[in-house]
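Written below as C-alpha cells is the structure these notes are about.
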C-alpha cells in the first residue's frame with residue numbers, strides 16, 4: 010500500500026477549511042467539530058505526510074511553504090469535486106467559484122456584457138476567468154475543469170452545447186481625426202491592427218488582402234480587442250473588427266470590405282459540456298440568455 014492509499018481525505022478537507030479561515034476555532038465551528046478534535050485530525054495528517062503544514066504567528070496560524078502547496082491543490086480538487094456533484098445533483102451557485110474559459114480573439118469583448126448580467130442576476134458568487142485556446146477550452150469543459158466558456162468557433166463536437174451570443178459583420182475602421190483616404194492608401198500609411206489569438210497564422214482578412222494586392226505595409230497583432238480599439242481611436246492604425254465594436258461611435262469612419270471579399274463575420278459563442286447542462290451554473294446561464 011502506498012502513502013496515497015493511507016491518507017485520510019476527510020483530514021485533507023479539514024486542513025483546507027483551516028487554511029481558508031486561518032483559524033482552527035473558526036474552522037471547527039464551520040465543520041461542527043470541537044477545536045481539540047480538529048487539532049487531532051490536523052496533527053495526524055501532518056504525521057502521515059511527514060511535513061509541517063502550519064506555523065503559529067501570534068494568535069493566528071499561517072501556512073508553511075508545504076502547507077501552501079497542499080492548500081492550492083486541495084482547494085482545486087474539492088472545487089472540481091463540487092462541480093462533478095453539481096452535474097448529478099444541482100447545488101447552489103455559491104458552493105464553489107464558477108470557472109469560465111475565454112478564447113482570445115476580437116469577439117470576446119462581447120462576453121463582458123454576459124458576465125456583467127450574470128453577476129447582476131445572481132449575487133453572492135465568485136468567478137475565475139481563464140484564457141484558453143479553442144481545443145483546450147473544450148477539453149476543460151468535458152473534464153469539468155470549467156463551467157462554461159466563450160469562443161469564436163462553432164463546435165464540431167456532439168457532447169458540447171453552444172449558444173450564439175453575437176454576430177457582427179467585419180469592417181475596416183479608422184479614426185476621423187486622420188484625413189479621408191482610400192483603403193489602399195490607409196494601408197500604406199498606417200499599420201493594420203488585427204485581433205487574433207493565433208500568432209503563427211495570418212487571419213482570413215490578412216490572407217484576402219494579399220490576394221487582391223492590398224497587403225498592409227505593417228501589421229500589429231494583438232490578442233486583446235481593447236488594444237485594437239484604442240489604437241484605432243487614437244488614429245495610430247487601421248482596425249478590422251466587427252461593426253458592433255464601434256456602433257454609434259461618431260468619431261470613427263467605417264470602410265466597406267473590398268468587392269472581391271466574401272462576406273466575413275465575427276461571432277461569439279458560449280459553450281458548455283452537455284453532461285453538465287443540469288448544473289446550477291449552466292441552468293442559470295441559459296435562463297439569462299433566454300431572457301435577453
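Numbering (my numbering), first residue to last: 10 to 301. Glycine included, each C-beta is placed from N, C-alpha and C at the ideal position. If you're wondering where the values come from, they're calculated on a predicted model, not measured in any experiment.
Is the beta carbon of residue i sitting closer than 9 Å to the one on residue j?
{"i": "residue 175", "j": "residue 244", "result": "no"}
{"i": "residue 177", "j": "residue 253", "result": "yes"}
{"i": "residue 112", "j": "residue 162", "result": "yes"}
{"i": "residue 179", "j": "residue 274", "result": "yes"}
{"i": "residue 230", "j": "residue 249", "result": "no"}
{"i": "residue 115", "j": "residue 205", "result": "yes"}
{"i": "residue 285", "j": "residue 133", "result": "no"}
{"i": "residue 214", "j": "residue 269", "result": "no"}
{"i": "residue 57", "j": "residue 27", "result": "no"}
{"i": "residue 217", "j": "residue 271", "result": "yes"}
{"i": "residue 298", "j": "residue 166", "result": "no"}
{"i": "residue 151", "j": "residue 282", "result": "yes"}
Contact check, residue i vs residue j under 8 Å by CB: the rounded distance?
{"i": "residue 247", "j": "residue 181", "result": "6 Å"}
{"i": "residue 52", "j": "residue 147", "result": "The pair is not a contact, with the Cβ atoms about 44 Å apart (cut-off 8 Å)."}
{"i": "residue 277", "j": "residue 37", "result": "Contact flag wrong, Cβ pair sits at about 46 Å."}
{"i": "residue 71", "j": "residue 81", "result": "Contact doesn't hold; Cβ gap of about 15 Å is too wide."}
{"i": "residue 194", "j": "residue 262", "result": "Actually they are not in contact, since the Cβ atoms of residue 194 and residue 262 sit about 13 Å apart, beyond 8 Å."}
{"i": "residue 183", "j": "residue 79", "result": "In fact, because the Cβ distance is near 54 Å, the residues do not count as touching under 8 Å."}
{"i": "residue 154", "j": "residue 108", "result": "7 Å"}
{"i": "residue 62", "j": "residue 75", "result": "6 Å"}
{"i": "residue 226", "j": "residue 196", "result": "6 Å"}
{"i": "residue 85", "j": "residue 50", "result": "Incorrect: roughly 21 Å between the Cβ atoms, too far for contact."}
{"i": "residue 110", "j": "residue 149", "result": "6 Å"}
{"i": "residue 136", "j": "residue 106", "result": "6 Å"}
Tell me the DSSP bridge mates of residue i?
{"i": "residue 69", "result": "66"}
{"i": "residue 140", "result": "111"}
{"i": "residue 255", "result": "DSSP output for residue 255 lists no bridge partner at all."}
{"i": "residue 160", "result": "278"}
{"i": "residue 171", "result": "280"}
{"i": "residue 264", "result": "181"}
{"i": "residue 248", "result": "182 and 202"}
Have a look at the options and flag the residue whose alpha-carbon is nearest the alpha-carbon of residue i.
{"i": "residue 47", "options": "25, 67 and 211", "result": "25"}
{"i": "residue 223", "options": "204, 198 and 234", "result": "198"}
{"i": "residue 239", "options": "260, 219 and 225", "result": "260"}
{"i": "residue 138", "options": "21, 132, 117 and 129", "result": "117"}
{"i": "residue 143", "options": "152, 158 and 136", "result": "158"}
{"i": "residue 258", "options": "288, 185, 40 and 66", "result": "185"}
{"i": "residue 141", "options": "44, 292 and 232", "result": "232"}
{"i": "residue 87", "options": "236, 145 and 18", "result": "18"}
{"i": "residue 169", "options": "191, 291 and 125", "result": "291"}
{"i": "residue 294", "options": "45, 125 and 191", "result": "125"}
{"i": "residue 77", "options": "40, 29, 160 and 45", "result": "29"}
{"i": "residue 301", "options": "130, 236 and 234", "result": "130"}
{"i": "residue 67", "options": "237, 296 and 31", "result": "31"}
{"i": "residue 83", "options": "33, 22 and 145", "result": "22"}
I'd like to confirm something about residue i: is its beta-carbon nearer than 8 Å to some heavy atom of the ligand NAP, or not?
{"i": "residue 159", "result": "What this structure holds is no ligand at all, so the ligand NAP is not there to describe."}
Contiguous alpha helix (DSSP H) assignments of at least 4 residues, all confined to the stretch 177-233
192-198 and 213-220
Let me know the beta strand (DSSP E) ranges lying completely inside the stretch 13-69, each 3 residues or longer, listed in chain order.
Listed in chain order, they are 63-66.
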